Amino acid sequence: MKFMKLGTRPDTFFSNESVRSVCTEVATDLQILVGDCLYQLHKFPLLSKCLLLQALCAESGCGGNGGDVIELPGFPGGVEAFDACAKFCYGITVTVSARNLVPLRCAAAHLGMSEAADRGNLAAKLDAFLASCLLRRWKDALAVLNSTRHCAPLCEDIGLTSRCVDAVAALIASPAALPAHSSSASPWWAQDVAELGVDLFWRIMVAVKATGAVHEKTVGDALKAYARRWLPNVAKDGIVVGADQPFDGAGNGGDGGNASVKQIATRHRLLLEKIVSLIPAERDAVSCSFLLKLLKAANILSASATSRAELVRRVAWQLEEATVGDLLIPSLSCVSETLYDVDAVAAILDEFALRHAAAPPPPVALAVSPDDDDDSPARSGGHRRSRSAESVGFDGAARRSSSAAPVSPDALVRVGRLVDGFLIEVARDPNMPLDKLLAIAEAVPDTARPEHDGLYKVVDTYLKVHSEMSKSARKRLCRVINCRKLSDKACAHAAQNELLPLRVVVQVLFFEHARAAAMAGGAHAAAELPGSIRALLQSKSSGSDQEDDAADRVDEQRLRALAAGASPGDDWSVEGLRRAASKIATLRMKLEEDDDHDGGGGDDEEFARRQQAGLARSASLRFRAFCAIPAARPKRMLSKLWPLARGVTTERH
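So that you can map any letter, position 128 of the sequence shown is 128 in the UniProt record's numbering, and since no number is skipped, the others follow by simple counting.
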C-alpha cells in the first residue's frame, strides 16, 4: 500500500487527560473543542491555513488570552482527523495512506484548508496524491472508495466518491489491469467489489456497463457474486437468518444488530431491486436458475411489481434452461394455502407464450397437423390466463418485441417436460386447485409434448391425493391427456387404474389394441376381427336397462384384467358371450348419460368427431377391447373363438 509523508518536524503534541496541546515555549491562545477532546493551540499556524477557524474567531471575537472555546460539533473524521490537520499546520510529519486519506480530505474540506487560504495547502496535496498514486492501484482505489461510506454526504459534495467510482470502473475495463489468473469462475474483480455497500456497487456497475469494454456475461457473473455475498437466507415466516448488512453510511445506518426485522427486510429489498436493475440485456448474461432465485427472494421480501415483472420476463426468455427445483417458489400469499406459488409460474408461462407467439415462423420440423393445431391452447383460445399475469405491468407490444427470441423445437420439448415435472410436484399438494393445475398444464403448446406420459403421471398423482373429487371434475382433469401420445407402459398402467373415468379407460384400451394390431398386421389389422366378434359388436340387449353399477364395475375389472394379459377363462363360453353382449348396451347408455350430464359440450363433440369409424361407439369399443386376443396365447384363444363363431352363426339362422 502506497503512503505519503507531509511535514518534517517531529511530533510535539501531548495529552493530559481530555486536554491535548503542543509542547512549545509560546503560550497557547486558541481553544478548540472537538468531540470530548479540548485542544489548546496557537492561532497563527491554524488560522493561516483554515478559513473556517478564521471566520469563527472573527465571529466570537476571542482575544489573545484564548478564554473563549471554539466548538466544532460533528467534525468529519473525528478527533484523529482534526489532530492530523493540526499537525500539518505546525509542520509536523503526517503519514497519509489509502486508510486515512478520506477522513483527512473531508476534514480539510470542512476546515477550508484550500488554495484560497494558503498555497500548497492540505486539500491540494491530498488530491494530488490520490490522483497520481492511489487511484491507479486496484487495492488502494477500492480501500479509498470503501472508506467514503463513513462521510458519504461530504464525499459526494467534494466529488471524492465520483472520482473513486470512475477510477475503479476504468481499472475493471482496462486490459492492463487484468491479473494473470483468477481463483474462481467469477471475474477477477468480482469478489473485491462484492465487499462494497450496495450503493457503491450499483454505481460501479453502472459505470462499468457505460464503458462498453466489459462483456455482459462478466457483468452477470459479478452480480451473482454480489448476490451470494449479501442476499440472506429468509424463512417462510419472513425472519432473516444470519445476514450481514451491506448498508453503511448514506443514511442507511450500520446498526445491523439493533435494527428490527422489518428494517432489515427493507434494506435487502432495496439490494434486490438494485441487482435486478443491473441485469444486462443480453439473454445469457445470467442463468435462469439465478433469475428464479432472485424471483423467490423477491416474493419473500415483497419487492416492487416492476422488479418482479422484469424477473418474470427474463425467466420466460430462457425458461428451457430451468429445472423443476428452480420453479418450486414458496408461496407466501395470505389468500392461498398452496405450498408453492403457482401464480408466479403461470405468469412465467404467459410470458413464454408471448415469446413463442412473437418469434419468427418455426421451421418445417415444428409444423403441426390440423387436428393437433385445433387442440393447441394458443390457437383455440382455450388457454387460461392466471391472475398473476394481469399484474405484470408491461405493455404487451413492448414485451413481444423484447421477448421475441426464437424457440427451437428442442427448447420447446424441454419446456414441456419442465412443466410436467413441476405439475407432478404441485399435484401432491392437497390444497392445489384443479383450475390452476389445468391452467398451467394447458399453458404450453401441444407441440411441446411429443408424448403425454408426464401429463398422465400428473393426473394419476392428483387423483391419488384428491380422492374426493367428483365425477365431472375427474373428467375435466383427464381431458388434458391425449391417449394417442401415451407409451405402452403408460397405457398398461392406465388400463388398470381404477381412479380414471370409464371413458379414458376405453380410449386407452382401444389405442393400445390398435397400436398392437398395426404393429402385427399393418394399418388395417385392427378392423380385421373374426365375424363372430364383429356380429357381437353390433348386438344390443333389450334388458340391459336393468343392469346396475355393480355389474358395470365387474365388467370394467374384467376389461382391465384382460388388458393386462389375463386368461379369458370360462366366460368365453356361448352363454358367457351372450352375457357380455348384454353388457354392451349398458356401457353405451352409461357413456351417453355422461355426455348428457356434461351438456354435450364442445370437448365431447370434438371427441366424437376425432374418434370416427368406431371410436365414438364407446360401448362397442369397450367390448372390442374386452375381446382383444392376448399376444402371449393366440393359438389357445383362436381354438376357442372359431367353434364359438360357428355356434353363434348357427343359432342366429
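Ideal Cβ positions, reconstructed from N, Cα and C, are used throughout, including at glycine. Quick caveat: nothing in here was measured; it's all calculated off a predicted structure.
- In terms of CA proximity to S277, R308 leads the group I264, S302, R308, A265.
- A residue is called buried once 16 or more other Cβ atoms fall within 10 Å of its Cβ, and V342 is buried on that count.
- Nearest in C-alpha terms to A152, of all of L223, Q191, P76, is P76.
- Contact check for F129 against A107 fails: the beta carbons are separated by 8 Å or more.
- The three-state secondary structure of C23, taken from DSSP, is coil.
- The alpha carbon of K217 has as its nearest neighbour, out of T8, P280, L126, the alpha carbon of P280.
- Under DSSP, F511 forms no beta bridge with any residue.
- In this structure D460 is buried. Its beta-carbon is surrounded by 16 or more other beta-carbon atoms within 10 angstroms.
- Between A448 and V480 the beta-carbon gap is near 13 Å, outside 8 Å, which marks them as no contact.
- The beta carbon of L500 sits closer than 7 Å to the beta carbons of C478, A494 from its chain, once the five residues preceding and following it are set aside; these are given in chain order.
- Counting only unbroken stretches of 4 or more residues, the alpha helix (DSSP H) elements lying wholly within the region 295 to 332 are 305 to 317, 324 to 327, in sequence order.
- Per DSSP, the continuous alpha helix (DSSP H) segment holding C155 begins and ends at 152 to 157.
- DSSP, read as helix, strand or coil, puts T8 in coil.
- Between the alpha carbons of L135 and C164 lies a distance of about 7 Å.
- Contact between the region 286 to 299 and the region 320 to 331 is established, with three or more Cβ pairs separated by less than 8 Å.
- Under the three-state reduction of DSSP output, V94 falls in the strand class.
- Residue pairing of Q40 in beta bridges, as defined by DSSP: S21, Q31.
- With respect to L51, G91 sits apart: the two C-beta atoms are not nearer than 8 Å.
- By the neighbour-count criterion, in which 16 or more other beta carbons inside 10 Å mark a residue as buried, F201 falls on the buried side.
- A Cβ-Cβ separation of about 20 Å leaves L38 out of contact with F88 under the 8 Å criterion.
- The three-state reading of DSSP puts F88 in helix, counting H, G and I together.
- Judged by pairs of C-beta atoms under 8 Å, the region 439 to 458 touches the region 420 to 429, as three or more such pairs exist.
- Under the 8 Å Cβ criterion, the region 464 to 478 counts as touching the region 500 to 510, having at least three qualifying pairs.
- The three-state reading of DSSP puts E59 in helix, counting H, G and I together.
- Rounded to the nearest whole angstrom, the CA to CA distance from R355 to T306 is 19 Å.
- Here P187 is buried, its C-beta having at least 16 other C-beta atoms within 10 Å.
- Its Cα nearest to that of L301, the residue P232 stands out among P232, N482, R313.
- In terms of Cβ geometry, R20 and T93 do not form a close pair [threshold 8 Å].
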